[in-house]
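*Asks:* Numbering (our numbering), first residue to last: 24 to 245.
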Ligand SMILES: [Fe+2]
């Protein structure tokens, strides 16, 4: 898929990893997240070009979500009232943040934008992403059909390739979890949701958690 307003330019450029088996008995392998954070910081040291960040970042994220043995359960916990957004890591210069999103059955986001680049990697379950385009008069229309993202799939959003969508859990009977990377401390970014007429409403998402995973313990091998 070429770059377009669907915001999914990266998804078809990558192999569709199946996602790994969960190792329930073992402690979370947080070294995977630590390695990802280090690699993503090095990527941003190397380039500020969004096309390069999305392409190379997508490959790093694909490697992270290829295995489902590293995310602690507390950051994969659904809540009955709404989807959850857990901060896993924020770069010290807030150049990027890593977040787990958890959807229970039937849960979905409002129509929303991001205002910065973002990458989505599905770790567990499956999600539906419906892209929207916004006309100059502000009205919103669906941009094609919803795309189903299975475990291992990578998608991208940004103001330059398509930034408005709705994401929902594609599973009827269980939660889905995806790992997102954004070009800012996304929980503090002022952005917008949109009503049916395309009228924007300001929102700042924040995060559901008060503490982030300790990815720096020396007990963890790297
Ligand atoms: Fe989104």
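For each residue, glycine too, the CB sits at the ideal point set by N, CA and C.
#1: Would residue 34 be called buried (16 or more neighbouring beta carbons within 10 Å of its own) or exposed?
#2: Put residue 55 into one of helix, strand or coil per three-state DSSP.
#3: Quick test of your reading: residue 123 and residue 94, contact by CB under 8 Å. State the CB separation rounded to the nearest angstrom.
#4: Can you check whether the CB of residue 148 is closer than 8 Å to the CB of residue 111?
#5: Measure the C-alpha to C-alpha separation of residue 68 and residue 143 and round it to an integer number of angstroms.
#6: Can you give me the Cβ contacts of residue 103 inside the same chain, cut-off strictly under 8 Å, excluding the 5 residues immediately before and after it?
#7: Within 8 Å (strictly less), CB to CB, does residue 138 reach chain D?
#8: Provide the residue(s) that pair with residue 224 in DSSP beta bridges, ordered along the chain.
#9: Could you pull out every unbroken beta strand (DSSP E) segment of at least 3 residues lying fully inside the region 166 to 202, listed in chain order?
#10: Is it buried or exposed, residue 99, if we count other Cβ atoms within 10 angstroms and call 16 or more buried?
*Replies:* Per the coordinate set shown:
#1: For the purposes of this step, residue 34 is taken as residue 11 along the chain shown, with counting starting at 1. The pLDDT assigned to residue 34 is 42, lower than 50, so where the model puts this residue is not dependable; a value taken from the coordinates is nonetheless given after this. By the 10 Å Cβ count, residue 34 comes out buried.
#2: Within the chain shown, residue 55 is the residue found at index 32, counting from 1. Residue state, collapsed to three classes: helix.
#3: Sequence index remark: in the chain shown, residue 123 carries index 100 (1-based). Sequence index remark: in the chain shown, residue 94 carries index 71 (1-based). Confirmed, Cβ separation roughly 6 Å.
#4: Numbered from 1 along the chain shown, position 88 holds the residue referred to as residue 111. Numbered from 1 along the chain shown, position 125 holds the residue referred to as residue 148. No. Outside cutoff.
#5: Here residue 68 is taken as the residue at index 45 of the chain shown, counted from 1. Here residue 143 is taken as the residue at index 120 of the chain shown, counted from 1. If you take the alpha carbons of residue 68 and residue 143, they lie about 21 Å apart.
#6: Here residue 103 is taken as the residue at index 80 of the chain shown, counted from 1. Answer for residue 103: 127, listed in chain order.
#7: The structure shown contains no chain D; it holds only a single protein chain.
#8: In the chain shown, counting from the first residue as 1, residue 224 sits at position 201. BP columns for residue 224 point to 216.
#9: 170 to 173, 177 to 180 and 187 to 192
#10: Against the chain shown, residue 99 aligns to sequence position 76. Residue 99 is buried by the Cβ-count criterion.
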